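>
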Amino acid sequence: MEIATQDFKRVAVMAVSGRVDSATAPELESKLRELVDAGKTQIVLDLRNVEYMSSAGLRAMVSTLKAVKRVNGDLRLANPSPRVEEVLRLAGLTSIFSIHPSQEEAVASF
Amino acid sequence: MDLRLSIPGRFDRLEQIAKFIEHAGQQADLDEVAICRCQLAVDEACTNIIEHAYGGEGRGNIDLLCQPGAGELVITIVDYAKPFDPDAIPQPTLNASLEEMQVGGLGMYFMRQVMDAVEFSYVDGRNQLVLVKRREDR
């Protein structure tokens, strides 16, 4: 798994690639927490290049979403692959997350 | 032909397990979606074994046996931890509000959603989980 973060004026964009499983999800959660701790609570998570995600990845995203919502922020998802979208749907998370077809649209939605 | 993999129970081996399942799925002539679902179920099962059965990484082995058969793939996963009670795993709270949402137990839920059969047993001092994925007619 690789993570690249870009900081825009109002929104932080985190692009994830590779596999998000129990081996890598703790790193994703910790990188997201760093953003939140730095006061960056409007976050776009770009999932375009995520080839696989298990429930461990979903847990990292849900725990971050809870943290940012408490301070009126949001974690919005961009461009999940069909494989990731199926996992989100199975877990009933498609109505919990705001999901956008592209990174640009997710950023503009804030 | 049966395919076997025996590995230490560590999260950094999940990717190797996924590749093993992909190969077995191809041998069983499963389509790409079915193979992905098998990979998800086996990943979640092995994560549960490492986290809950062994209580941490590097505490025991996981043995996988894949049997590509006529129109299906049968995957058997064995661990050597104490007897596992699948009913002890909490049900995830799906379609709840965000604050009420508990994502624990999702792994077990995923297994039951994406596989055609999920069967736990304790045999000869080992936990045995059998997962079956049937090939859809094309």
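Line by line, the protein sequences give chains R and G.
Each residue of the first sequence is one higher than the one before, starting from 1490 at the first, in our numbering.
Each residue of the second sequence is one higher than the one before, starting from 4 at the first, in our numbering.
Idealized CB from N, CA, C, for every residue including glycine.
Note that the structure is a prediction, hence the values are computed from the model and not measured.
Identify whether residue 57 of chain G lies in helix, strand or coil by the three-state DSSP scheme.
coil
> For residue 69 of chain G, which beta-bridge partners are listed by DSSP?
G:6 and G:78
> Excluding the 5 residues preceding and the 5 following residue 1506 of chain R in the sequence, name in chain order all residues of the same chain whose CB lies nearer than 6 Å to its CB.
Around residue 1506 of chain R: 1491 and 1538.
> How far does the beta strand (DSSP E) with residue 1494 of chain R in it reach, from first residue to last?
Unbroken beta strand (DSSP E) run through residue 1494 of chain R: 1491-1496.
> Flag this pair as touching only if the stretch 1556-1572 of chain R and the stretch 110-130 of chain G have three or more C-beta atom pairs under 8 Å; answer yes or no.
no
> Which residues, taken in chain order from the stretch 12-45 of chain G, show a beta carbon closer than 9 Å to some beta carbon of chain R?
13, 14, 15, 16, 17, 18, 21, 36, 39, 40, 42 and 43
> Roughly how many angstroms separate the alpha carbons of residue 70 of chain G and residue 1518 of chain R, rounded to a whole number?
36 Å
> Is the stretch 54-63 of chain G close to the stretch 75-89 of chain G, with three or more CB pairs under 8 Å?
Three or more beta-carbon pairs drawn from the stretch 54-63 of chain G and the stretch 75-89 of chain G are found closer than 8 Å, and the two stretches are therefore classed as touching.
> If you drop the 5 nearest sequence neighbours on each side, which residues of the same chain put their C-beta closer than 6 Å to that of residue 67 of chain G?
Here the set comprises 8 and 80.
> With H, G and I counted as helix, E and B as strand and the rest as coil, what does DSSP make of residue 137 of chain G?
Looking at residue 137 of chain G - three-state DSSP - the assignment turns out to be strand.
> When the Cα atoms are used, what is the spatial distance from residue 33 of chain G to residue 97 of chain G?
Per the coordinates, the alpha-carbon of residue 33 of chain G lies some 29 Å from the alpha-carbon of residue 97 of chain G.
> How should residue 1511 of chain R be labelled, buried or exposed, when 16 other C-beta atoms within 10 angstroms of its C-beta is the threshold for buried?
buried
> Within the stretch 1529-1557 of chain R, note down every full beta strand (DSSP E) run reaching 3 residues or more, in order along the chain.
1531-1542
> Using three-state DSSP, classify residue 1565 of chain R as helix, strand or coil.
It is a strand residue.
> So, using beta-carbon positions, are residue 1525 of chain R and residue 1567 of chain R closer together than 8 Å?
No.
> DSSP on residue 144 of chain G, reduced to helix/strand/coil?
Residue coverage of chain G in this structure runs from 4 to 141, which leaves residue 144 of chain G outside it and unanswerable.
> Below 9 Å on C-beta distance, what does residue 1510 of chain R contact in chain G?
Listed along chain G, the residues sitting closer than 9 Å to residue 1510 of chain R by beta-carbon distance are 14, 17, 18, 21, 46 and 50.
> From the beta carbon of residue 104 of chain G, is the nearest beta carbon of chain R less than 8 Å away?
yes
> List the residues of chain R that residue 116 of chain G touches, going by C-beta distances under 9 Å, in chain order.
1579
> Is it true that the CB of residue 1578 of chain R sits closer than 8 Å to the CB of residue 1541 of chain R?
no
> So is residue 1536 of chain R in contact with chain G if we call contact Cβ pairs under 8 Å?
no
> For residue 1626 of chain R, name the three-state secondary structure that DSSP assigns.
Nothing can be reported for residue 1626 of chain R, as the shown portion of chain R is limited to 1490 through 1599.
> Could you give the DSSP three-state label for residue 92 of chain G: helix, strand or coil?
coil
> With a cut-off of 8 Å, does the C-beta of residue 1585 of chain R fall near any C-beta of chain G?
yes
> So, does the CB of residue 58 of chain G fall closer than 8 Å to a CB anywhere in chain R?
Chain R, which has no Cβ nearer than 8 Å to the Cβ of residue 58 of chain G, makes this no.
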